[in-house]
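Worksheet: the structure to be examined is printed underneath.
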Amino acid sequence: MNEPPQLPDGSFAAWNRDRLAAARRGAAECGDVWQLEPGVCVAAAAGPCEAVLHRAQDFLKPSSPLFPPLKRAGGAPAPEEHAHARAVRMRGLRPQAVAARTGEIASGTARCADQWPTDRDVEILPLVRPVLAETGVRYLFSEDAPALLPFAWQLFEAREVLVRPSRWVWPRWVPTPARRFRTRQQAAFTSALRAVVRQRRSSGQLGDDVLGQMLRPSSRYGLLPEEVIFDTLPGITVATFETPSRAAGWILLHLARYPWAADRIAAEAALLPADPATTTSTHLDSLRYTQALVREVLRLHPPSWLLTRRASRQAQLGGYTIDAGSTVLVCPYTAHRDARQYPEPDRFQPERWLGDSGSPASPGVFLAFGTGPHGCEGAALAMAMLTLLTAQTARRYRLSEPPGPEPGYRVTTFEGLATAGLRLRAVGGDP
Ligand code: HEM
237 MNEPPQLPDG SFAAWNRDRL AAARRGAAEC GDVWQLEPGV CVAAAAGPCE AVLHRAQDFL
297 KPSSPLFPPL KRAGGAPAPE EHAHARAVRM RGLRPQAVAA RTGEIASGTA RCADQWPTDR
357 DVEILPLVRP VLAETGVRYL FSEDAPALLP FAWQLFEARE VLVRPSRWVW PRWVPTPARR
417 FRTRQQAAFT SALRAVVRQR RSSGQLGDDV LGQMLRPSSR YGLLPEEVIF DTLPGITVAT
477 FETPSRAAGW ILLHLARYPW AADRIAAEAA LLPADPATTT STHLDSLRYT QALVREVLRL
537 HPPSWLLTRR ASRQAQLGGY TIDAGSTVLV CPYTAHRDAR QYPEPDRFQP ERWLGDSGSP
597 ASPGVFLAFG TGPHGCEGAA LAMAMLTLLT AQTARRYRLS EPPGPEPGYR VTTFEGLATA
657 GLRLRAVGGD P
């Protein structure tokens with residue numbers, strides 16, 4: 237037996253009390269790989285995290301329980317189908333495709349600054365989420381977005397109900413009210429999407445957006461079965477705005493806490509065109525400090541701070557033996573706060589992402605978007621949305637937290653790291 241070490245006074249109890257603190261203690265006291273309880277271990281440092289995420293055959297990604305396939309009894313798509321679906325989606329999500337649509341994205345994110353009331357403290361997540369939902373859904377479905385947005389929103393609501401912590405964890409097959417609600421919303425979204433696909437096919441205009449790319453054959457795999465489109469798009473549609481909204485909460489909080497950084501972003505953003513629709517990828521690329529700040533916030537507060545894998549067979553990790561069937565929790569949060577990767581790791585320092593000439597730099601392993609075969613498909617889109625939203629906000633407003641000794645928000649760690657209830661006030665308002 238060569239099992240990773242456990243916290244001396246019981247890891248699981250510490251974990252249930254405060255998961256972030258326990259993750260940090262585990263990394264500090266037990267090392268790069270540690271055991272939370274028998275059969276559950278944590279990859280805490282960059283090396284083991286990358287190894288797990290890259291060795292996708294040894295460490296399987298469990299299928300998402302949020303939006304399981306509606307029709308097929310077989311459950312998750314087969315690996316070949318997954319690779320095909322990913323390849324065709326990526327044609328619409330890769331950096332060049334995102335760059336070509338910078339103006340549309342900038343018009344979408346600009347609505348956040350346009351709608352911000354300046355006479356009071358405003359709750360941030362409900363302010364940014366609808367803006368990012370409209371921007372993300374438009375990115376996927378272009379002019380068909382208005383028909384799908386209400387259904388996308390309902391999918392998000394269903395997700396919120398599903399992930400709410402509850403006292404009982406029911407087996408996946410139990411049709412709880414939350415799961416029945418989710419299935420109804422998923423069916424409604426799919427039926428609206430089916431009508432859009434039918435219309436596009438009959439008109440012969442498949443579109444150049446992500447849906448259009450999924451409807452076109454790939455030279456390697458041929459045409460993607462339509463059921464795969466309907467099975468995968470609910471999750472991806474919610475992904476376009478759910479995690480980016482959580483990230484935006486952290487970023488706007490940092491603009492409020494670090495006025496010197498906000499000033500530097502405002503100076504950079506002054507060069508953006510007055511009409512956001514004319515923003516180009518050259519403008520976006522010139523927002524170097526803003527991009528550095530977004531990365532630094534994602535380093536310190538990765539919204540997907542803990543990723544789950546299951547060992548398909550016995551495997552070695554960081555010098556320890558991981559039994560087949562064990563759960564491995566990959567922790568970008570502790571990997572990003574490791575002084576071997578980032579000097580003074582707890583310090584907020586956007587400059588670490590800039591080289592001597594102000595060009596982008598990669599100071600350490602960055603896992604906010606994961607890596608390997610299941611790495612984030614929407615990383616380029618998310619970076620564009622968040623960079624533009626940040627620049628447009630800082631150009632127009634100075635943000636501040638409500639006065640008082642206590643933070644006005646709760647850090648939540650279930651289903652992502654978020655600033656629940658965060659309120660900020662904006663001062664300024666020149667367009
Ligand atoms: C700040 C925003 C975002 C963050 C921090 C983020 C983070 C991540 C992470 C860490 C993973 C890897 C999960 C794992 O390995 O278990 C992932 C996967 C994924 N992300 Fe994102 N994401 C963001 C935005 C987006 C957007 C805008 C999209 C829209 C297309 C998207 C679509 C996906 C998809 C489809 C996967 C699954 C890939 C697979 O399993 O093969 N994400 N994301």
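With the working numbering, the residue at position 84 of the sequence shown is 320, and numbering never jumps.
Virtual Cβ for every residue (Gly too), placed ideally from N, Cα, C.
- prompt: Where are the alpha helix (DSSP H) runs, 4 residues long or more, that stay fully inside the stretch 458-492, in chain order?
  reply: 462-475
- prompt: Between Val364 and Thr476, is the Cβ-Cβ spacing less than 8 angstroms?
  reply: Here residue 364 refers to the residue found at position 128 of the sequence shown. Here residue 476 refers to the residue found at position 240 of the sequence shown. No, Cβ-Cβ distance for Val364 and Thr476 is not below 8 angstroms.
message: Less than 7 angstroms separating the Cβ of Phe392 from some heavy atom of the ligand HEM?
response: Here residue 392 is taken as the residue at index 156 of the sequence shown, counted from 1. Outside the cutoff, so no.
Inter-residue spacing [alpha-carbon to alpha-carbon] between Leu302 and Phe377: Here residue 302 is taken as the residue at index 66 of the sequence shown, counted from 1. Here residue 377 is taken as the residue at index 141 of the sequence shown, counted from 1. Each residue's Cα considered, the two are about 22 angstroms apart.
message: Considering only the alpha carbon of each residue, which of Ala336, Thr354, His318, Gln628 lies closest to Gly611?
response: As a first step, residue 611 is located in the sequence shown; it is residue number 375 there, counting from the start. The shortest Cα separation from Gly611 among Ala336, Thr354, His318, Gln628 belongs to His318.
message: I'd like to know whether the C-beta atoms of Ala668 and Ala263 end up nearer to each other than 8 angstroms.
response: Here the chain covers residues 237 to 667 and nothing more, so residue 668 does not appear.
- prompt: Mapping DSSP to helix, strand and coil, what is Ala618?
  reply: Position 382 of the sequence shown, counted from the first residue, corresponds to residue 618. Ala618: helix per DSSP, three-state reduction.
query: Which whole runs of the beta strand (DSSP E) in the stretch 253-319 are 3 residues long or more, in chain order?
result: 269-273, 276-279
- request: For Ala394, collect the residues of the same chain with a Cβ closer than 7 angstroms to its Cβ; drop the 5 residues on either side in sequence, then sort them by chain order.
  value: Translated into positions along the sequence shown, residue 394 becomes position 158. Cβ neighbours of Ala394 beyond the five flanking positions: Phe417, Arg418, Gln421.
- request: Mind checking which residues open and close the alpha helix (DSSP H) that includes Ala394?
  value: Numbered from its first residue, the sequence shown carries residue 394 at position 158. Element bounds for Ala394: 381-399.
Pair within 8 angstroms by beta-carbon distance, Trp541 and Tyr569: The residue given as residue 541 occupies position 305 in the sequence shown. The residue given as residue 569 occupies position 333 in the sequence shown. The answer is yes: Cβ separation under 8 angstroms.
Nearest-angstrom Cβ-Cβ length linking Ala383 and Ala428, presumed shorter than 8 angstroms: On the sequence shown, residue 383 is found 147 positions in, with the first residue counted as 1. On the sequence shown, residue 428 is found 192 positions in, with the first residue counted as 1. With a contact defined as Cβ atoms closer than 8 angstroms, Ala383 and Ala428 qualify at about 6 angstroms.
message: Can you tell me which residues form a DSSP beta bridge with Tyr633?
response: For the purposes of this step, residue 633 is taken as the residue at position 397 of the sequence shown. Tyr633 is bridged to Gly664.
task: Can you give me the start and stop residues for the beta strand (DSSP E) that Ala656 sits inside?
output: Taking the sequence shown and counting its residues from 1, one reaches residue 656 at position 420. Counting along the chain, the beta strand (DSSP E) containing Ala656 begins and ends at 654-656.
- prompt: Can you name, in chain order, every residue of its own chain whose Cβ lies under 6 angstroms from the Cβ of Gly644, other than the five neighbours on each side?
  reply: Residue numbering aside, residue 644 sits at position 408 when the sequence shown is read from its first letter. The residues are Pro638, Arg659.
- prompt: Quick one: what's Glu359 bridged to in DSSP?
  reply: Within the sequence shown, residue 359 is the residue found at index 123, counting from 1. Note: Glu359 sits in a beta bridge opposite Arg659.
- prompt: How about Leu653 and His537: are their beta carbons less than 8 angstroms apart?
  reply: Numbered from 1 along the sequence shown, position 417 holds the residue referred to as residue 653. Numbered from 1 along the sequence shown, position 301 holds the residue referred to as residue 537. Yes, these two residues count as a Cβ contact at 8 angstroms.
task: Starting from Thr557, follow its DSSP beta bridges and name the residues at the other end.
output: As a working note, residue 557 is residue 321 in the sequence shown. In the DSSP output, where bridge partners are listed per residue, Thr557 has Gln552.
- prompt: Alpha carbon to alpha carbon, what distance is there between Glu463 and Ser343?
  reply: Along the sequence shown, one-based indexing puts residue 343 at 107. Along the sequence shown, one-based indexing puts residue 463 at 227. About 32 angstroms.
field: Three CB pairs or more closer than 8 angstroms across the stretch 552-564 and the stretch 617-629
entry: no
message: I'd like to confirm something about Pro538: is its beta-carbon nearer than 7 angstroms to some heavy atom of the ligand HEM, or not?
response: What you label residue 538 is simply residue 302 of the sequence shown in a count that begins at 1. Checking every heavy atom of the ligand HEM against the Cβ of Pro538, one is found closer than 7 angstroms.
task: Check whether the Cβ of Glu316 lies closer than 7 angstroms to any heavy atom of the ligand HEM, and answer yes or no.
output: Within the sequence shown, the letter at position 80 stands for residue 316. Glu316: no, Cβ never under 7 angstroms from the ligand HEM.
- request: Please report the residue range of the beta strand (DSSP E) in which Val566 lies.
  value: Taking the first residue of the sequence shown as 1, we reach residue 566 at position 330. Start and end: 563-566.
message: I'd like the span of the alpha helix (DSSP H) that includes Val533, first residue to last.
response: As a working note, residue 533 is residue 297 in the sequence shown. Start and end: 524-536.
Continuous beta strand (DSSP E) stretch holding Arg588: start and end: Against the sequence shown, residue 588 aligns to sequence position 352. First-last for Arg588: undefined, no H or E at that position.
query: Between the stretch 517-530 and the stretch 335-355, do three or more beta carbon pairs fall short of 8 angstroms?
result: yes
- prompt: Alpha carbon to alpha carbon, what distance is there between Leu617 and Pro331?
  reply: Position 95 of the sequence shown, counted from the first residue, corresponds to residue 331. Position 381 of the sequence shown, counted from the first residue, corresponds to residue 617. Taking the straight line joining both Cα atoms gives about 8 angstroms.
Straight-line gap, Glu239 to Pro304 (C-alpha atoms, nearest Å): Here residue 239 is taken as the residue at index 3 of the sequence shown, counted from 1. Here residue 304 is taken as the residue at index 68 of the sequence shown, counted from 1. Roughly 34 angstroms separates the two Cα atoms.
Which residues DSSP lists as bridging Ser454, in chain order: For this step, residue 454 is matched to residue 218 along the sequence shown. Note: Ser454 sits in a beta bridge opposite Gly458.
message: Closer than 7 angstroms to a non-hydrogen atom of the ligand HEM - does that hold for the CB of Ala475?
response: In the sequence shown, counting from the first residue as 1, residue 475 sits at position 239. Yes, the ligand HEM has a heavy atom inside 7 angstroms of this Cβ.
- prompt: Are the CB atoms of Asp559 and Gln550 nearer to each other than 8 angstroms?
  reply: Position 323 of the sequence shown holds residue 559. Position 314 of the sequence shown holds residue 550. Contact: yes.
field: Given Pro298 as reference, the closest of Leu306, Ala287, Ala314 once Cα atoms are compared
entry: Mapped onto the sequence shown, residue 298 falls at position 62. The residue with the shortest Cα to Cα distance from Pro298 is Ala314.
message: I need the straight-line Cα distance from Arg500 to Arg583, nearest angstrom please.
response: Your numbering for residue 500 matches position 264 in the sequence shown. Your numbering for residue 583 matches position 347 in the sequence shown. Distance between the alpha carbons of Arg500 and Arg583 is about 18 angstroms.
- prompt: In this structure, does DSSP put Thr514 in helix, strand or coil?
  reply: Residue mapping note: residue 514 aligns to position 278 of the sequence shown, counting from 1. Reduced to three states, the DSSP call for Thr514 is helix.
message: Our contact map puts Val474 next to Ala388 with C-beta atoms below 8 angstroms; I'd like the distance itself, whole angstroms only.
response: Stepping through the sequence shown from its first residue, residue 474 is reached at position 238. Stepping through the sequence shown from its first residue, residue 388 is reached at position 152. Contact holds; Cβ gap of about 7 angstroms.
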